[in-house]
Each structure stands twice: as structure tokens, then as C-alpha cells.
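**Student:**
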Amino acid sequence: MRTLVAGWFSFEGMGATAGDLLARDVACSWLDRAGHPYDVAHAAPFSGGVDWRTVDPAQYTHVIFVCGPFGDGWPLTDFLARFARSRLVGLNLSMLAPLDTWNPFDALFARDSSEAARPDLTFLAKPALVPVVGVILAHPQAEYTGGLHEAVDAAIHRVTTARDVAVVRIDTRLDVNATGLGTAAQVESLVARMDAVVTTRLHGLVLALKHGVPPVAVDPIAGGAKIRRQAETIGWPVLLAAESLTDDALARAFDYCLTGEARGFAQECRRRAVEALRTLEHEVLASLATSGKAV
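Structure representation (C-alpha cells):
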């Protein structure tokens with residue numbers, strides 16, 4: 352007995368979702384625990400499985416189609432015809448037609464149908480959470496010469512996409528915002544929820560540290576400018592220079608900022624910065640109590 356596990360991840364360009372893949376993993380874990388041999392039918396961009404169009408259907412006594420809407424149309428009609436001799440099991444499906452009109456399954460455990468409904472299978476999927484990383488990039492700034500923004504942005508993209516992390520693009524500019532944020536509170540709230548930040552913006556550095564989030568700060572101006580000066584002033588050490596930036600150095604800094612040590616250092620850095628600003632309010636207000644221009 353051998354089973355083929357299929358779903359919308361088995362068809363190219365048919366919109367397979369994270370939920371489809373998580374439900375697939377639950378079904379496969381059940382088969383693993385039962386010692387039941389199986390293959391998974393995958394189509395690009397998913398890899399590591401078999402192509403249902405080319406495998407010998409006679410080798411599969413059972414076929415499990417898992418997750419998603421299921422209706423009487425292409426490409427499902429081709430799939431069902433190819434495995435007509437296998438026992439067909441439907442799992443976690445939303446059946447689009449009433450079951451008394453159309454139900455091709457020998458055994459159906461629907462998510463919802465004309466006869467029943469149950470919780471979605473992904474409730475049983477083992478959580479596999481990855482770090483959430485904010486990427487906050489500066490646009491080229493005419494007031495600074497020696498900008499290396501394009502090269503720095505490319506390096507950040509290479510390093511972050513090479514790791515299994517969830518990247519969140521955060522734009523701190525609010526007159527025109529590329530990520531749909533409209534207020535400073537929205538920007539700050541998003542930054543505060545990150546596990547780490549990679550930034551070429553001064554306020555990406557500052558807002559991250561304000562909330563104890565370790566930032567990889569890259570000053571995109573050759574020789575360094577306001578980001579370098581701010582990092583040095585507040586004592587944050589994870590600062591990289593654009594003119595000497597390498598993927599390896601960026602990767603080491605990135606990995607460090609995902610550690611508990613870095614988070615503790617970020618929190619300490621915030622405390623030092625707040626302490627250094629403790630008397631500033633008094634000094635500013637005192638300056639307003641004096642009339643006339645300084646001589």
C-alpha cells in the first residue's frame with residue numbers, strides 16, 4: 352500500500368497557500384506515525400516531491416487530496432481521471448457543490464460541505480516560527496555626497512533572503528509612505544514588534560533601540576554620516592560602513608542581532624541614551640527664559 356498526498360501545491364500557478372502546506376504537513380505526519388509509505392505531489396516552485404502527471408498511478412492504492420476549495424472543474428478533472436483506480440480520500444476541503452450532486456471521494460473529511468463542517472486542519476500543525484525582521488531603508492539623500500544606497504540595499508536583500516526569516520518592509524517616511532503606514536505611532540508600533548531590524552535610516556536605528564530591538568545599522572554614506580555619529584554617541588556597536596560592507600560581515604551582524612545577548616545590549620543602550628537626555632528638557636526651557644540674542 353502506498354499513498355499519494357496531493358493538494359493545490361501539486362499544480363503550478365494555482366495559488367497554494369501557507370495553510371495548504373501546513374495541512375499537507377499534518378497529513379504527512381499522520382502517515383509517518385502510522386508507518387504508511389507515501390509520496391507528495393509537488394509542482395513548481397515547491398520541490399522534493401513527485402509529479403502527479405508522470406508517476407505511474409498504479410503504484411498508489413490511496414490518494415489523499417488535502418486542503419482548499421474542491422470543485423468539478425479543471426485541473427481537478429484531469430487529476431481525478433488519472434487516479435480513478437485509487438481509493439480517493441478528501442481531507443480539509445471546502446466542497447463547492449452539494450454532496451448529493453457531486454462527491455468523487457471514497458472517504459471525505461471535509462472542512463465544510465453541504466452536510467458538515469469542522470475546524471481547519473492547520474490548527475494541528477506544529478508551529479514552526481521564524482524571526483521577524485524589519486528592513487528600514489533610506490532613499491538617496493541629495494544633502495549627502497558619497498551615497499552607496501544601491502549597493503547596500505542589494506547586500507541587505509541578499510543576506511536576508513538567504514535566511515529563513517520573515518522580512519517586514521518598514522518605511523519611516525510619512526508624507527508618502529511605501530508600506531501603507533500613516534502615523535508615527537504606526538511606524539513605531541511595527542518596529543517595536545520586530546525581533547531584529549536591518550536599517551540604513553537613523554530613526555530605524557533609534558526606534559529599534561528605543562524598544563530594545565537589536566538593529567544592524569549600515570551607514571550608506573561613504574565615510575559615515577549621521578547614522579555612524581548617532582551609533583557612536585549612544586554606544587551601539589553593530590554599525591557597518593557602506594564602503595567596506597561585505598555579505599559575510601553583514602551576515603555575522605545579522606545573526607548576532609537575533610541573539611538574547613544583543614537584545615539585552617540594546618535595552619542597556621536605550622537606558623544610557625535616555626539618561627544622557629535627562630536634563631535636556633530643563634536646558635531647552637531655560638534657554639527660552641532668556642531674552643535677546645547671544646553675543
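First residue of the sequence shown: 352, per the numbering used here; consecutive thereafter.
Where a beta carbon is used, it is the ideal one built from N, C-alpha and C, also for glycine.
These numbers come from a predicted model, not from an experiment.
With DSSP run on the structure shown, which of helix, strand or coil describes I585?
**Tutor:** Taking the sequence shown and counting its residues from 1, one reaches residue 585 at position 234. The answer is helix: DSSP assigns I585 an H, G or I state.
**Student:** Within 10 angstroms of the Cβ of P566, are there 16 or more other Cβ atoms? Answer buried if so, exposed if not.
**Tutor:** What you label residue 566 is simply residue 215 of the sequence shown in a count that begins at 1. Buried, by the Cβ-count rule.
**Student:** Would you tell me roughly how many angstroms separate the C-alpha atoms of A378 and R509, rounded to the nearest one?
**Tutor:** In the sequence shown, residue 378 corresponds to position 27, counting from 1. In the sequence shown, residue 509 corresponds to position 158, counting from 1. Taking the straight line from one Cα to the other gives about 34 Å.
**Student:** Kindly list the residues whose CB is nearer than 6 Å to the CB of L488, restricted to its own chain and excluding five residues on each side of it in sequence; keep chain order.
**Tutor:** Here residue 488 refers to the residue found at position 137 of the sequence shown. Excluding positions up to five away in sequence, the list reads D504 and T551.
**Student:** By how many angstroms is the C-alpha of A448 removed from the C-alpha of S465?
**Tutor:** Sequence index remark: in the sequence shown, residue 465 carries index 114 (1-based). Sequence index remark: in the sequence shown, residue 448 carries index 97 (1-based). C-alpha separation (whole angstroms): 8 Å.
**Student:** Tell me the residue span of the alpha helix (DSSP H) that contains V503.
**Tutor:** Along the sequence shown, one-based indexing puts residue 503 at 152. Residues H500 to T512.
**Student:** For M446 and chain D, any beta-carbon pair shorter than 8 Å?
**Tutor:** Looking at the structure shown, chain D is missing, and only one protein chain is on hand.
**Student:** Please report the residue range of the alpha helix (DSSP H) in which L431 lies.
**Tutor:** Position 80 of the sequence shown holds residue 431. Here the alpha helix (DSSP H) through L431 covers L427 to R433.
**Student:** Do the region 510-523 and the region 536-545 meet, that is, are 3 or more Cβ pairs less than 8 Å apart?
**Tutor:** Judged by Cβ distances under 8 Å, the region 510-523 makes contact with the region 536-545, as three or more pairs qualify.
**Student:** DSSP on C608, reduced to helix/strand/coil?
**Tutor:** On the sequence shown, residue 608 is found 257 positions in, with the first residue counted as 1. Reduced to three states, the DSSP call for C608 is coil.
**Student:** Would you call the region 615-622 and the region 548-563 in contact, with 3 or more CB pairs under 8 Å?
**Tutor:** yes
**Student:** Taking C-alpha atoms, which residue in A600, V406 and E363 lies nearest to R353?
**Tutor:** Numbered from 1 along the sequence shown, position 2 holds the residue referred to as residue 353. Nearest C-alpha to R353: V406.
**Student:** Roughly how many whole angstroms lie between the Cα atoms of V484 and T511?
**Tutor:** Here residue 484 is taken as the residue at index 133 of the sequence shown, counted from 1. Here residue 511 is taken as the residue at index 160 of the sequence shown, counted from 1. Distance between the alpha carbons of V484 and T511 is about 9 Å.
**Student:** Can you check DSSP and say which residues form a bridge with A547?
**Tutor:** Walking along the sequence shown from the start, residue 547 turns up at place 196. DSSP output for A547 lists V484 as bridge partner(s).
**Student:** List the residues that DSSP assigns as beta-bridge partners of S445.
**Tutor:** Position 94 of the sequence shown holds residue 445. Bridge partners of S445: P420 and D463.
**Student:** According to DSSP, P566 sits in a beta bridge with which residue or residues?
**Tutor:** In the sequence shown, the residue the question calls residue 566 occupies position 215. DSSP, once it has assigned bridges, lists V548 as partnering P566.
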